[in-house]
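Asks: The sequence shown lines up with residues 1 to 341 when you count with full-length UniProt numbering.
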Amino acid sequence: MKAFYAAEQKRHDPKAFRTSGGVASNPETPERVERLLAGAKAAGCTVVRPNNHGMGPIAAVHTPEYLDFLEHIHPRWRRVEGAPEEVVPSIHPIARDGTYPASAIGQAGYHMADTSCPISAETWESAQWSAWSAVEAADAVRGGERVAYALCRPPGHHAFADVAGGFCFINNSAVVAQHLRRDAARVAILDVDLHHGNGTQGIFYARADVLTVSLHVDPVRFYPFFWGHADERGKDAGLGYNLNLPLPRKTADAGFLEALDAGLKRIRAFAPEALVVALGLDAFEGDPFGGLSVSTPGFARIAEKIAGLGLPTVIVQEGGYLCDELGDNLTSFLTGYGGKG
Ligand SMILES: [Zn+2]
């Protein structure tokens, strides 16, 4: 299996993070890349540097004003008197039906859902290369590879069409799904990250050509709180094409695999021509977020079941935070998928 990754993805090094109202260090660190690279290599992956794919595949799922914001906000922010090094919002529109703001502070509040996605001078470059790793993996599968892995960092599944959030800027999984749609009439996205893939759901919520399925800890008391509930089923043409499978806190392998069976059943009924796996490893029992209790061997069993769909598949890295087993969990998943060689 090929693993796509560019060194520029490590340059984004966020500092700010507020959680439960308190100040903490941001867990989406560049060190994650080293652990994930080691894990991919241990699974037999060949690491390949992607090409620059420009804005085309990214602009296919994000709005022009949002991409302009991501590219230019940092120097504009730094001209605000007293502004800190990183762009972090301090005010948000409670509804998004007012006037689009002209100022850096207003736009930060408009385009950033929370305080976990600070933008530094390096963020835009890293986010673009993360997306291009995803595009290149999608192109490998479009070109006939059975499966490819995109080591996307920063991650993407909390990013909406015009809003960053939850460590995410460009929604890499959505970019891949839209890119695969060039050849495939129907694409399914299966998100197994600990957290609900709210951005991905939002991007495809009114569409019937991309099925979104997410397994995650019940958001009733967990990020992202406002999305991920079982009664969110899609809207308009997309009604019935979004499936949320919230799990109780500390659900372990057996419970996760049972919910996965329900997700795979829905995917089979949809009969997609290609699959995107939004692979968070933060469902791990030892992950710092502590939401679910999937074991290291459990990731291989999850992967085996997904591979049983027999679909051309792009595996896109989402969450999974620093713990001794982070690399091993990726190795377990990719090996379980049949990724040797
Ligand atoms: Zn997550």
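C-beta: ideal position from N, C-alpha, C; glycine also.
1) Taking C-beta to C-beta, are G202 and S214 nearer than 8 Å?
2) Confirm, please, whether the CB-CB distance from L264 to E334 is below 8 Å.
3) Using the rule of at least 16 other Cβ atoms within 10 Å of the residue's Cβ for burial, across every protein chain shown, is L330 buried or exposed?
4) Quick one: give me the first and last residue of the alpha helix (DSSP H) that T251 is part of.
5) Could you tell me whether the Cβ of P288 comes closer than 8 Å to any Cβ of chain B?
6) So does the region 1-9 actually touch the region 134-149, counting three or more Cβ pairs closer than 8 Å?
7) Going by DSSP, name the residue or residues bridged to D191.
8) Helix, strand or coil: which one does DSSP assign to K235?
9) Would D13 and S120 be called neighbours here (beta carbons separated by less than 8 Å)?
10) Distance check for Y321 and G166, CA to CA, integer angstroms please.
11) Counting only the same chain and skipping the five closest in sequence on each side, list residues whose C-beta sits under 7 Å from that of I73.
12) My assumption, with CB atoms under 8 Å, is that A237 sits in contact with A206. Please give the rounded CB distance.
13) Give the DSSP-derived three-state secondary structure of T99 in the structure shown.
14) Which residue marks the beginning of the beta strand (DSSP E) containing V163, and which one marks its end?
Replies: Based on what the coordinates show:
1) no
2) First, the amino acid is wrong: residue 334 is Leu here, not Glu. No, the pair does not count as a contact, with Cβ atoms beyond the cut-off.
3) buried
4) Per DSSP, T251 is not a residue of any alpha helix (DSSP H), being assigned neither H nor E.
5) The structure shown contains no chain B; it is built from a single protein chain.
6) yes
7) S214 and A278
8) coil
9) yes
10) Looking at the two C-alpha atoms, the distance is approximately 13 Å.
11) Around I73: V87, A104, Q107, A108 and I119.
12) 6 Å
13) coil
14) First-last for V163: undefined, no H or E at that position.
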